[in-house]
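K.L.:
Residue numbers (my numbering), protein chains in the order written: chain A, 215 to 469; chain B, 90 to 425.
Just so you know, even glycine gets a beta-carbon here, dropped at the ideal spot from N, CA and C.
Here's a structure for you.
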């Protein structure tokens, strides 16, 4: 049952992303991407509810659950940020990342087939897990905004102004403002996750994970500090957001 | 005596070539007078705008006159003779038709733009004052202005965003979104700057700084736009705060160098900076566009956007051409 929810979410995100791309290629903007991704979001909730019920805790116990939770978090922030900041095409760029995360989760062996019930779960542990994965959702969306900026920047620099993609991408400044806000939000949530991580009871083996999380937090904090104090070009900020996000996924190898 | 036209424009020559033939407004009369000697012609008018330089003359023998002027011009400007490949040559009715099309805005980069009418008028009056015109060119130009007015009043060729300014502002909005949060500096207070500034104000630009070698002219434009005039020597410090720089001075060389922008990057915290260089010769060194956060567009690049508007107005062109043909048939112009 849980896998079917995840498969449905993946298919819905694939269809939404593909239709969005076709529409952009034709030079039109579609409102339907949000609807497809919203439907995928409902399926993600279905998956997490089933797994949560089986676990009797926040379903973040294996890599498959973490990837699915990450995809849910990314979708959540897209549905919140996209319409609020009026960033067109964010869905078209977000959907492929959602599909990748969920497809990885669906690889046999990634998702525990018969998840064990967690006995005596600790609230700090659950806060740590939930906040950390939520922060990754915001940071993933920041990376998506970064990719959108890099695409638009390249088109403006090379003066390729006739494509449907160019016409539909949001303005440079709006992308950079959204990117910075998402980085701040993601870093703030990660701060809460790390604080909870220090407060939760943990085994010796958990130190590697916490240290890796600290390194990620420090990297993002340094990036934001440099942006705030010295300033950064849009290209460097975007590239940093993308590279840091890809590297930060290594934290999960310690889970 | 035949009516002749030799010219180059944005379709036949790149900006690097056009800028070599550009003539500043205050030299148009003098240049028209020099044209008489260069082409052994009895009458001459030089038109020079961002997108074109054209030499209208009344002379004997089209072929010989074209050859003479091409050879002497390339020698004068010290260019290779292959530059002549960029010229178009028109004689008699074809030259008159071309002038009517130019005046009507049909040959402009921005189809139907209105500035060209005033620019041609100014060029003609400069030549008239310099004593370079006579019976043929006086009649041809005055009739062409009449045709231009008729085309504009009887068709909708000038409706919509067809000016360089409007297209430039569209690009500014692609970078900065709503211009209400953007500060703009205008280098050069000429006609193109005024038109561009009007578009910026209409789209809600937060503040406009105008700088010009003549502070009085800058002040005049700033007052008109509700902006602030700044001395020309202060443009570098003003660039620290602005988002958009629109440049259209009549300077014969680049004013903004890469080093000027490099110096202020830190103070700007590397925010995006948009340069629109609508001057010929170009005001902004192309190397400025290599800076990461800088987007630089020169007049040639704006052509891409103009083409889109051109497509939408294709039907209007046909109607305008019909008016021009009918008027040319009626007029029986001398030299054609």
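1) Is residue 370 of chain B buried or exposed, if buried means 16 or more other CB atoms sit within 10 Å of its CB?
2) Going by the CB atoms, is the gap between residue 258 of chain B and residue 283 of chain B shorter than 7 Å?
3) Could you tell me which uninterrupted beta strand (DSSP E) segments, each at least 3 residues in length, are contained entirely in the stretch 302-348 of chain A, listed from first to last along the chain?
4) Could you name the residues that DSSP lists as bridge partners for residue 96 of chain B?
5) Roughly how many angstroms separate the alpha carbons of residue 194 of chain B and residue 352 of chain B, rounded to a whole number?
6) Have a look at B:309, B:97, B:277 and flag the residue whose alpha-carbon is nearest the alpha-carbon of residue 322 of chain B.
7) Closest to residue 339 of chain A by C-alpha separation, out of A:370, A:390, A:420, would be which residue?
8) So what does DSSP say about residue 359 of chain B, is it helix, strand or coil?
9) How big is the Cα-Cα spacing for residue 153 of chain B and residue 142 of chain B?
10) Would you mind working out which of A:247, A:459, A:344 sits nearest residue 286 of chain A, comparing C-alpha positions?
11) Going along the chain, which unbroken runs of the alpha helix (DSSP H) with 4 or more residues stay wholly within the stretch 344-430 of chain A?
12) Going along the chain, which residues of its own chain have a beta-carbon closer than 8 Å to the beta-carbon of residue 120 of chain B, five neighbours each way excluded?
13) Drop a sphere of 10 angstroms on the beta-carbon of residue 167 of chain B, count the other beta-carbons inside from all chains shown, and report buried for 16 or more, exposed for fewer.
14) Identify, in the order they occur along the chain, each residue of the same chain with its Cβ nearer than 7 Å to the Cβ of residue 402 of chain B, setting aside the five sequence neighbours on each side.
15) Could you work out which residue in A:434, A:279, A:247, A:448 is closest to residue 359 of chain B when comparing CA atoms only?
16) Going along chain E, which residues have a C-beta under 8 Å from residue 371 of chain A?
17) For residue 266 of chain B, would you say it is in contact with chain A, using Cβ-to-Cβ distances shorter than 7 Å as the test?
18) Report the CB separation of residue 362 of chain B from residue 387 of chain B in whole angstroms; it is logged as a contact under 8 Å.
19) Can you check whether the C-beta of residue 249 of chain B is within less than 7 Å of a C-beta belonging to chain A?
20) Enumerate in chain order the residues of its own chain whose CB-to-CB distance from residue 109 of chain B is below 7 Å, with the five nearest sequence positions on each side excluded.
21) Taking the CB atoms as reference points, tell me whether residue 379 of chain A and residue 238 of chain A lie closer together than 7 Å.
22) Return the CA-CA distance between residue 187 of chain B and residue 255 of chain B, expressed in angstroms with no decimal places.
23) Indicate the three-state DSSP secondary structure (helix, strand or coil) for residue 103 of chain B in the structure shown.
24) Could you check what DSSP says for residue 249 of chain B in three-state terms: helix, strand or coil?
25) Here's a check: name, in chain order, each residue in its chain whose Cβ is nearer than 7 Å to the Cβ of residue 352 of chain A, leaving out the five neighbours to either side.
26) Leaving aside the five residues before and after residue 233 of chain A along the sequence, list all residues of the same chain whose C-beta is less than 8 Å from its C-beta, in chain order.
27) Which residues does DSSP list as the beta-bridge partners of residue 320 of chain B?
28) Below 7 Å on C-beta distance, what does residue 447 of chain A contact in chain B?
29) In its own chain, which residues sit with a C-beta less than 7 Å from the C-beta of residue 102 of chain B, not counting the 5 before and 5 after it?
30) So with Cβ pairs under 7 Å, would you call residue 386 of chain A a contact of chain B?
31) Between residue 295 of chain B and chain A, is the shortest Cβ-Cβ distance under 7 Å, so that the two count as touching?
32) Name the chain A residues whose beta carbon is nearer than 9 Å to that of residue 93 of chain B?
33) Does the ligand NAD have even one heavy atom less than 6 Å from the beta-carbon of residue 151 of chain B?
34) I need the straight-line Cα distance from residue 413 of chain B to residue 205 of chain B, nearest angstrom please.
35) Taking a Cβ distance cut-off of 9 Å, strictly less, list which residues of the stretch 330-352 of chain A are near chain B, in chain order.
36) Taking buried to mean at least 16 other C-beta atoms within 10 Å of its own C-beta, is residue 249 of chain B buried or exposed?
P.N.:
Looking at the atomic coordinates:
1) Taking the first residue of the second chain as position 1, residue 370 of chain B is located at position 281. Under the 10 Å beta carbon count, residue 370 of chain B is surrounded by 16 or more other beta carbons and is classified as buried.
2) For the purposes of this step, residue 283 of chain B is taken as residue 194 along the second chain, with counting starting at 1. For the purposes of this step, residue 258 of chain B is taken as residue 169 along the second chain, with counting starting at 1. No, Cβ-Cβ distance for residue 283 of chain B and residue 258 of chain B is not below 7 Å.
3) Within the stretch 302-348 of chain A, there are no complete beta strand (DSSP E) runs of at least 3 residues.
4) Walking along the second chain from the start, residue 96 of chain B turns up at place 7. Per DSSP, the beta-bridge partners of residue 96 of chain B are B:143, B:177.
5) Along the second chain, read from residue 1 onward, the residue named residue 194 of chain B stands at position 105. Along the second chain, read from residue 1 onward, the residue named residue 352 of chain B stands at position 263. Rounded to the nearest whole angstrom, the C-alpha separation of residue 194 of chain B and residue 352 of chain B is 41 Å.
6) One-based indexing of the second chain puts residue 322 of chain B at position 233. Of the candidates B:309, B:97, B:277, the one whose C-alpha sits nearest the C-alpha of residue 322 of chain B is B:277.
7) To locate residue 339 of chain A, count along the first chain from 1; it is residue 125. Ranking the options by Cα distance to residue 339 of chain A, first place goes to A:420.
8) The residue labelled residue 359 of chain B in the question sits at position 270 within the second chain. Coil, per DSSP.
9) Looking up residue 153 of chain B in the second chain gives position 64. Looking up residue 142 of chain B in the second chain gives position 53. In a straight line, the C-alpha of residue 153 of chain B is about 20 Å away from that of residue 142 of chain B.
10) Indexing the first chain from 1 puts residue 286 of chain A at position 72. Cα-wise, what sits closest to residue 286 of chain A is A:344.
11) DSSP runs (the alpha helix (DSSP H)) wholly in the stretch 344-430 of chain A: 378-382, 386-413.
12) The residue you call residue 120 of chain B lines up with position 31 of the second chain. Correct list, in chain order: 112, 135, 137.
13) Here residue 167 of chain B corresponds to residue number 78 of the second chain, with the count starting at 1. With fewer than 16 neighbouring CB atoms inside 10 Å of its own CB, residue 167 of chain B falls in the exposed class.
14) Residue 402 of chain B sits at position 313 when you count from the first residue of the second chain. In its chain, beyond the 5 residues on either side, 200, 201, 246 have a beta carbon closer than 7 Å to the beta carbon of residue 402 of chain B.
15) As a working mapping, residue 359 of chain B is identified with position 270 in the second chain. If we check each option's Cα against that of residue 359 of chain B, A:448 comes out closest.
16) The chain labelled as chain E is not found among the protein chains of the depicted structure, namely A and B.
17) For the purposes of this step, residue 266 of chain B is taken as residue 177 along the second chain, with counting starting at 1. Closer than 7 Å: yes.
18) What you label residue 362 of chain B is simply residue 273 of the second chain in a count that begins at 1. What you label residue 387 of chain B is simply residue 298 of the second chain in a count that begins at 1. Wrong, their Cβ atoms sit about 15 Å apart, outside the cutoff.
19) Counting from one through the second chain, the residue named residue 249 of chain B turns up at place 160. Its pLDDT being 47, under 50, residue 249 of chain B is placed unreliably by the model, and the measurement read from it follows with that caveat. No - not a single Cβ of chain A is within 7 Å of the one on residue 249 of chain B.
20) Walking along the second chain from the start, residue 109 of chain B turns up at place 20. In its chain, beyond the 5 residues on either side, 166, 168 have a beta carbon closer than 7 Å to the beta carbon of residue 109 of chain B.
21) In the first chain, counting from the first residue as 1, residue 379 of chain A sits at position 165. In the first chain, counting from the first residue as 1, residue 238 of chain A sits at position 24. Yes; because the gap between Cβ atoms is below 7 Å, this pair is in contact.
22) The residue labelled residue 187 of chain B in the question sits at position 98 within the second chain. The residue labelled residue 255 of chain B in the question sits at position 166 within the second chain. Rounded to whole angstroms, residue 187 of chain B to residue 255 of chain B spans 25 Å at the Cα level.
23) Stepping through the second chain from its first residue, residue 103 of chain B is reached at position 14. In the displayed model, residue 103 of chain B falls within coil according to three-state DSSP, outside both helix and strand.
24) Within the second chain, residue 249 of chain B is the residue found at index 160, counting from 1. Reliability fails at residue 249 of chain B, whose pLDDT of 47 lies under 50, so the model's placement of it is uncertain and no value is given.
25) Position 138 of the first chain, counted from the first residue, corresponds to residue 352 of chain A. The beta carbon of residue 352 of chain A sits closer than 7 Å to those of 291, 396, 399, 400, 403, all from its chain and outside the five residues before and after it, given in chain order.
26) Along the first chain, read from residue 1 onward, the residue named residue 233 of chain A stands at position 19. By the criterion of a C-beta distance shorter than 8 Å, residue 233 of chain A is surrounded in its chain by 244, 246, 247, 250, once the five residues flanking it on both sides are discounted.
27) For the purposes of this step, residue 320 of chain B is taken as the residue at position 231 of the second chain. Under DSSP, residue 320 of chain B takes part in a beta bridge, and its partners are B:301.
28) Locating residue 447 of chain A in the first chain gives position 233, counting from the first residue. Residues of chain B passing the Cβ test: 359, 381, 382.
29) Within the second chain, residue 102 of chain B is the residue found at index 13, counting from 1. The beta carbon of residue 102 of chain B lies closer than 7 Å to those of 175 in the same chain, with the five residues before and after it left out.
30) Taking the first chain and counting its residues from 1, one reaches residue 386 of chain A at position 172. It does: the Cβ of residue 386 of chain A has a partner Cβ on chain B nearer than 7 Å.
31) Mapped onto the second chain, residue 295 of chain B falls at position 206. No, because no Cβ of chain A sits closer than 7 Å to the Cβ of residue 295 of chain B.
32) By 1-based counting over the second chain, the position of residue 93 of chain B is 4. At a beta-carbon threshold of 9 Å, none of the residues of chain A lie near residue 93 of chain B; the nearest stands roughly 36 Å away.
33) Ligands are entirely absent from the displayed structure, and the ligand NAD is therefore not among its contents.
34) By 1-based counting over the second chain, the position of residue 413 of chain B is 324. By 1-based counting over the second chain, the position of residue 205 of chain B is 116. The straight-line gap from Cα to Cα measures roughly 17 Å.
35) The stretch 330-352 of chain A vs chain B, Cβ under 9 Å: nothing.
36) Taking the second chain and counting its residues from 1, one reaches residue 249 of chain B at position 160. Residue placement at residue 249 of chain B is poorly supported in this model, since its pLDDT is 47, which falls under 50; the coordinates are not used for a value here.
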